[in-house]
Each structure stands twice: as C-alpha cells, then as structure tokens.
C-alpha cells in the first residue's frame, strides 16, 4: 500500500480486507492469497481516515469529514468506482466508522470536535436528524460499536464515559 495506513476493515467472512490511508486510496486485499486485487482513488479524498464494510456497501471516511458510500456489487465493474452517496454531515476528520451486523445502520464520528457522532440508515442513506439528542454533552467520541444482533449501540468518549443506547427496531440484543 502506498502511504500510511489509517484504517482497515474485513468483510463478514474475513476473506477480504479493505484499507485506506494518507494518499486517499482504497485497497482491496484477498486474504487467502494475501495480494491486493483492486485499488482505486476515494473520490474527493486527500487523506483517508476510516473505513467500514457492510454486506452491501463499503463506507470510507476522510480527513475533511466526508463519508463516501460505495455499492460493493458495482465496485468490481470499474477501476474508478463512484460513490453512490456522499454523507457530508461532519466538518472534521472522520475518526470512527462502523456498521451494525446487517448493514442497516452506519455510525460515524469525529474525535476532533465535541458531540460529533451520527447514525445513517441504509439502504435509504439518510442521516438520522434526532441522534444524538440535542443539548446533551457527549464529549469527544473515540470508540463505538453495535452489539452482535444490533439491539444496542454504544460509544465511549474522552472523559472515560460510555453511553449505551437501546435500538428497539432490533428484537435481539
């Protein structure tokens, strides 16, 4: 990989790894053969900062706060795939990017500014306007995760606090 690696993510089976880094490129790695099988520039990205894989999408975060969403099925059809959606809800570097088990929710955040955490719904690719709650001081999010069956979402911050949210749409925890 050219440049410094900023983040990596595996598909659900672990057979494919994606990476992004300081040159704003996305790499796809075949883990069985340990070779790079594809490389493409992340549209509009100077420095890639985060990456997440869902069953149907690949999401990349950049130093400018943009999250690009690529359709994984169509990525192999082009040497320079175009994102199907760019989420422009952050103004600082995307430092965390993760999805739930089914790929229905994408969480993205920036540690560089207080209270900057967002959830996006898939496949509509819209950002929830009611999360996080207004007038609440969440601190700077530095880690986040969904429970195995997506019943919970949690994030930790720079003050040593961890917040836990119940996602009632999902029956199992």
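Numbering (the numbering used here), first residue to last: 350 to 522. No residue lacks a Cβ here, since even glycine has one placed at the ideal position from N, Cα and C.
State the Cα-Cα distance for the pair residue i and residue j, rounded to the nearest angstrom.
{"i": "residue 413", "j": "residue 439", "result": "8 Å"}
{"i": "residue 508", "j": "residue 522", "result": "26 Å"}
{"i": "residue 396", "j": "residue 466", "result": "20 Å"}
{"i": "residue 382", "j": "residue 511", "result": "39 Å"}
{"i": "residue 505", "j": "residue 385", "result": "33 Å"}
{"i": "residue 479", "j": "residue 517", "result": "15 Å"}
{"i": "residue 519", "j": "residue 361", "result": "19 Å"}
{"i": "residue 436", "j": "residue 514", "result": "23 Å"}
{"i": "residue 350", "j": "residue 454", "result": "29 Å"}
{"i": "residue 399", "j": "residue 484", "result": "27 Å"}
{"i": "residue 431", "j": "residue 459", "result": "24 Å"}
For residue i, which residues does DSSP report across the bridge?
{"i": "residue 489", "result": "Residue 489 pairs with nothing; no bridge assigned."}
{"i": "residue 347", "result": "The displayed coordinates of the chain run from 350 to 522. Any statement about residue 347 would go beyond what the structure contains."}
{"i": "residue 482", "result": "Per DSSP, none; premise fails for residue 482."}
Under the assumption that residue i contacts residue j (Cβ atoms under 8 Å), give the Cβ distance between them as a whole number of angstroms.
{"i": "residue 445", "j": "residue 394", "result": "So it is not a contact: roughly 17 Å between Cβ atoms."}
{"i": "residue 369", "j": "residue 356", "result": "6 Å"}
From the DSSP output, in three-state form, read off residue i for me.
{"i": "residue 366", "result": "strand"}
{"i": "residue 422", "result": "helix"}
{"i": "residue 520", "result": "coil"}
{"i": "residue 374", "result": "strand"}
{"i": "residue 354", "result": "strand"}
Sequence ranges, beta strand (DSSP E) only - wholly within the region 376-416, length at least 3: 384-390, 397-402 and 406-411
Curious, which full-length beta strand (DSSP E) runs of at least 3 residues does the region 435-479 contain? 445-448, 454-458 and 466-470
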